[in-house]
Amino acid sequence: MLHELGILFNIDDLVEPDYQTQAWKIFMTTCDPAQLAGSTLYEGEIIETSTSHEDAFCIALQTQDRHVINYLKSAFMRHEVQGLMPKEQRFIERGVTLRYPLSIRGQIDANGQFRSWQEAFTRRDKQLCLETAWKFGGPAKTPIATEHGPVLVEEAYGDEFVTASVRPRPGSGPG
Numbered sequence: 021m022l023h024e025l026g027i028l029f030n031i032d033d034l035v036e037p038d039y040q041t042q043a044w045k046i047f048m049t050t051c052d053p054a055q056l057a058g059s060t061l062y063e064g065e066i067i068e069t070s071t072s073h074e075d076a077f078c079i080a081l082q083t084q085d086r087h088v089i090n091y092l093k094s095a096f097m098r099h100e101v102q103g104l105m106p107k108e109q110r111f112i113e114r115g116v117t118l119r120y121p122l123s124i125r126g127q128i129d130a131n132g133q134f135r136s137w138q139e140a141f142t143r144r145d146k147q148l149c150l151e152t153a154w155k156f157g158g159p160a161k162t163p164i165a166t167e168h169g170p171v172l173v174e175e176a177y178g179d180e181f182v183t184a185s186v187r188p189r190p191g192s193g194p195g
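Sequential numbering from 21 applies to the sequence shown in this note's numbering.
Written as structure tokens, this is what we have:
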């Protein structure tokens, strides 16, 4: 069973011109990547007029290990820094990647290394890892998505395998 947790950042409170990079720096300095091993990370804006999540940037984690979700939530409940949403609005649980149009940003492999999902982000992700003392493992392969729903992709990293759930984009399937 896959578990998910979204961490919300208030775009208006992020002071760097590139709010996404600032949100990633907060995320990466708040948690230990070794505790997130085997997880997939997603990102995207969440703009809803019917909820308190207006103008929020979300970094979501998907994993098969419920303990990883508990660790991440605990780490972000203890952390107070400008840019995070207030504690009562900080989290989205269960089905985050199905409810919101988030893109895969990377994976944390079995060795706790961050792996970029898209080649376009490799240089930026490597720099983020350098600035936050995370290990960078290079790019991950591009997933195969179908029109029939999530596809499980297994990638070999050394002697380990990492499994990620991939949500297809509209129009990305065959036909």
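We put the CB at the ideal spot given by N, CA and C, even for glycine.
Residues near residue i by beta carbon distance below 7 Å, same chain, minus five either side
i, result
"Gly103", "Phe29, Asn30, Asp33, Leu34, Gln42, Ala43 and Ile46"
"His99", "Thr50"
"Gly115", "Glu24"
"Arg86", "His23"
Proximity of residue i and residue j at Cβ, strictly below 8 Å
i, j, result
"Phe77", "Gln40", "yes"
"Gln109", "Ala160", "no"
"Thr60", "Gln82", "yes"
"Met48", "Trp137", "no"
Whole-Å CB distance - residue i paired with residue j, under 8 Å assumed
i, j, result
"Phe111", "Leu25", "6 Å"
"Glu63", "Arg125", "5 Å"
Nonlocal neighbours in the same chain, by C-beta distance under 8 Å from residue i, ignoring five residues either side
i, result
"Asn90", "none"
"Pro37", "none"
Own chain residues within Cβ distance below 6 Å of residue i, not counting five before or after
i, result
"Ile66", "His73, Ala76, Cys78 and Tyr120"
"Ser70", "Its pLDDT being 47, under 50, Ser70 is placed unreliably by the model, and nothing is read from it."
"Ile27", "Ile79 and Phe96"
"Thr142", "Ser136 and Pro159"
query = Three or more C-beta pairs closer than 8 Å, one from the stretch 47-55 and one from the stretch 133-152: is that the case here?
reply = yes
ask   = Which parts of the stretch 71-125 are runs of the beta strand (DSSP E), unbroken and 3 residues or longer, counting only runs that do not cross its ends?
value = 76-83 and 111-113
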